[in-house]
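Before any comments, here is the structure.
Protein chains in written order, with my numbering: chain A, -12 to 103; chain B, 1025 to 1137.
What follows is the structure, encoded as structure tokens:
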């Protein structure tokens, strides 16, 4: 149980275009989903916390107009990187928490974004 | 906010030896401390976690200890095997802050056969 999927697993796009990444909890309802960014050989940095049916909470320094997050259902959250630039190239990973009483987060397989 | 420091950044051990990774955290309200193993290009995998009401937890070759007073926790891997080679991350979270995790910088572990 507790499987989280992401789509796509990798994407290459041109500078200036937008890219949407989906995060799905396959066998549980995720009240909260988290979006992380991981640069090569670095740690996971939390970008935002997404709660179903409400606006996402962004970490300091993360532009909410550039990284649009939608959590429309208990099994799906999306991250849209708008007007992508080469510096946005990174590994984006989502995680999901199954309930308010649960600490454990289940991670998706990640999406490698390359912006040319 | 929470700050998690992790040491060492790289660790090379001989197969069969033990590996120890240490983390310190800054926020005394943190009460959940998971450890993740991440292989190249893959998702982080939870290997063990500990809550603040427990001082030690063990699962086969892996153990974690927590010192709440000193605000540090450690991962111990005994009888290391080549498949233990990966990057390990510690993290800390507190229920009051939406359960968000703050990660340490990671430790790259290499187990030499």
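Backbone N, C-alpha and C fix where the C-beta goes; we use that ideal spot for every residue, glycine too.
Within chain B, no residue has its beta carbon less than 8 Å from that of residue 16 of chain A; the closest one is some 16 Å off. By the rule that beta-carbons nearer than 7 Å mark a contact, residue -5 of chain A does not touch chain B.
Under the Cβ criterion of 7 Å, residue 1057 of chain B is not counted among the residues facing chain A.
Counting of Cβ neighbours within 10 angstroms places residue 1078 of chain B among the exposed residues, the total staying below 16.
For the pair of segments examined, the segment 1032 to 1051 of chain B was found not to touch the segment 18 to 29 of chain A: the number of CB pairs separated by less than 8 Å stays below three. Rounded to whole angstroms, the gap between the alpha carbons of residue 1135 of chain B and residue 1030 of chain B is 19 Å.
Nearest to residue -4 of chain A by alpha-carbon distance, out of A/2, A/8 and A/4, is A/8. Fully enclosed beta strand (DSSP E) runs of no fewer than 3 residues occupy -9 to -6, -3 to 0, 6 to 12, 19 to 25 and 32 to 38 of the segment -12 to 52 of chain A, in order along the chain.
With its beta carbon at least 7 Å from every one in chain A, residue 1027 of chain B lies outside the interface. Cβ contact annotation for residue 1036 of chain B (same chain, cutoff 6 Å, sequence separation greater than five): 1134, in chain order.
Straight through space, the alpha carbons of residue 1099 of chain B and residue 103 of chain A are spaced by roughly 40 Å. Contact of residue 1137 of chain B with chain A is not assigned, every C-beta pair being separated by 7 Å or more. The shortest C-alpha to C-alpha distance from residue 19 of chain A to any of A/60, A/4, A/100 and A/79 is the one to A/60. Distance from the Cα of residue 1086 of chain B is smallest, within the candidate group B/1096, B/1072 and B/1093, for B/1072. Nearest to residue 1059 of chain B by alpha-carbon distance, out of B/1068, B/1053, B/1052 and B/1051, is B/1068.
Contact with chain B is absent for residue 57 of chain A, since none of that chain's Cβ atoms lies less than 7 Å from the residue's Cβ.
In the three-state reduction of the DSSP assignment, residue 1058 of chain B falls in the strand class. Interface criterion met: the Cβ of residue 31 of chain A is under 7 Å from a Cβ in chain B. Take the alpha-carbon of residue 77 of chain A and the one of residue 100 of chain A: they are about 5 Å apart.
Taking a beta-carbon distance threshold of 7 Å, residue 94 of chain A counts as an interface residue toward chain B. Of all alpha-carbon atoms in A/13, A/70, A/92 and A/12, the one lying nearest the alpha-carbon of residue 3 of chain A is that of A/70. Counting only runs of 3+ residues, the beta strand (DSSP E) found wholly inside the segment 1036 to 1097 of chain B occupies 1043 to 1049, 1056 to 1062, 1069 to 1075, 1080 to 1083 and 1086 to 1091, in chain order. Apart from the 5 residues on each side of it in sequence, residue 1116 of chain B sits with its Cβ closer than 6 Å to the Cβ of 1026, 1028, 1049, 1054, 1057 and 1126 in its chain, given in chain order.
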